[in-house]
Amino acid sequence: MNITFLIGLIGGLALIVNGILSGGDLADFIDIPSVMITVGGTIMTVISNYPPSILKQIPKHIMIMMNTRKFAPMEYIDKLVELAQVARKNGLLALESEIEQIDDPFFKQSITMIVDSNDSDKVREILENDLDCLSARHQTVSSMYERGAAIAPAFGMIGTLVGLVNMLKGMNLEEGVGNLGDSMATALITTFYGCIMAHMIFSPIANHLHLRDDEEILCKSLIIEGVLAIQSGENPKFLKEKLVSFLAQKQREMGVDEEGGGGKKAKGGKKGKKGKDE
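Set out below in structure tokens:
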């Protein structure tokens, strides 16, 4: 469970409600016409901008965003170094028996390509093209939520204009003066709803998806560099130093600490857990 998103969302709403109750009534901030204009208008506009093939994956996007499991680059590095040692000792064909033990489809494809003796330039071209296409798909998804964050305040402004027009029309009719309060409420509350949707829902989802994309792209970049180094016969120790240079300093230090803390035990258990949770 993505606890930071829940803390931010629930905590933010709680502070807003507390502010409302300290000076008024919560019922004053519940306005059905405002909800229809802002929430309904935003959702319908997002739907009009994207095909069903992307919209039907929204539950999947939310599950990815809420899942705390992260890509663990040190696990990929350790596996690549292990494969490099096997290839250096027994040749590239020895990696064929290791392929079925790999769960990551991209990783498996990469190892298969070098085992099949494909040219290294062609291998890099194919894998980098695959990576670019993956990043483009992720960008399309995150842009949907970014668009929602941009649209919600716009519909808040539309609601404000609607409320103001109704209020001004009511001011010209003596019998309509009693409706001024309702019209003004719609004019102001729509902006309130639009800001909440944009900055507490859409923007955080987009940012979390961007972070997941960065994690996945990093791990797949490590795979590309690693398998090409294995194909060229690089020294496993040098390969590890090369791949670790892709990581932030904190990730490097964490990997060193885990190695020094227990060898195989860290590799098989604690290290994987830390890589996913931190």
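Counting in our numbering, the sequence shown runs from 2 upward without gaps.
Where a beta carbon is used, it is the ideal one built from N, C-alpha and C, also for glycine.
- Contact check for I159 and I38: beta-carbon distance about 6 angstroms, within the 8 angstroms limit, so the pair qualifies.
- For the set I197, M145, C220 and E216, the Cα lying nearest the Cα of K57 is the one of M145.
- Cβ contact annotation for M66 (same chain, cutoff 8 angstroms, sequence separation greater than five): N3, F6, I206, H209, L210 and R213, in chain order.
- Here D26 carries a coil assignment [DSSP, helix/strand/coil].
- The beta carbon of L10 lies closer than 7 angstroms to those of M201 in the same chain, with the five residues before and after it left out.
- E126 sits exposed, since fewer than 16 C-beta atoms from the chains shown fall within 10 Å of its C-beta.
- Residues of the same chain with a CB within less than 6 angstroms of the CB of A188, apart from the 5 flanking positions on each side, are T161, G164 and L165 in chain order.
- Contact between A230 and A15 is absent: CB atoms are separated by about 51 angstroms, not below the 8 angstroms threshold.
- Counting only the Cα atoms, E216 lies some 28 angstroms from I197.
- Between E97 and V116, the gap from beta carbon to beta carbon is short of 7 angstroms.
- Restricting attention to I225, A249 and G24, the CA atom closest to the CA of D131 is found in I225.
- Counting only the Cα atoms, S143 lies some 30 angstroms from D32.
- Annotation: the continuous alpha helix (DSSP H) that includes K241 extends over P237 to V245.
- In the same chain as N50, and ignoring 5 residues on each side of it, the C-beta atoms closer than 8 angstroms to its own belong to M145 and R148, in chain order.
- For F108, the enclosing alpha helix (DSSP H) begins and ends at P106 to V116.
- Here S35 is not near T141, since their CB atoms are 7 angstroms or more apart.
- Taking C-beta atoms as the reference points, I112 and T46 fail to come closer than 7 angstroms.
- In this structure, P74 lies near L223, with their beta-carbon atoms less than 7 angstroms apart.
- Looking at the backbone, the Cα of L93 and that of Q232 are separated by about 7 angstroms.
- Every unbroken stretch of the alpha helix (DSSP H) spanning 4 or more residues and falling wholly within the region 29–114 is given here in chain order: 33–36, 42–50, 53–56, 59–67 and 74–91.
- Taking a C-beta distance under 7 angstroms as the contact criterion, A199 and A137 do not qualify as a contact pair.
- For A230, the secondary structure class from DSSP, reduced to helix, strand or coil, is helix.
- With a 10 Å radius around the Cβ and a threshold of 16 neighbouring Cβ atoms, V82 comes out buried.
- In the displayed model, D215 falls within a helix according to three-state DSSP.
- Between G195 and F156, the gap from beta carbon to beta carbon is short of 7 angstroms.
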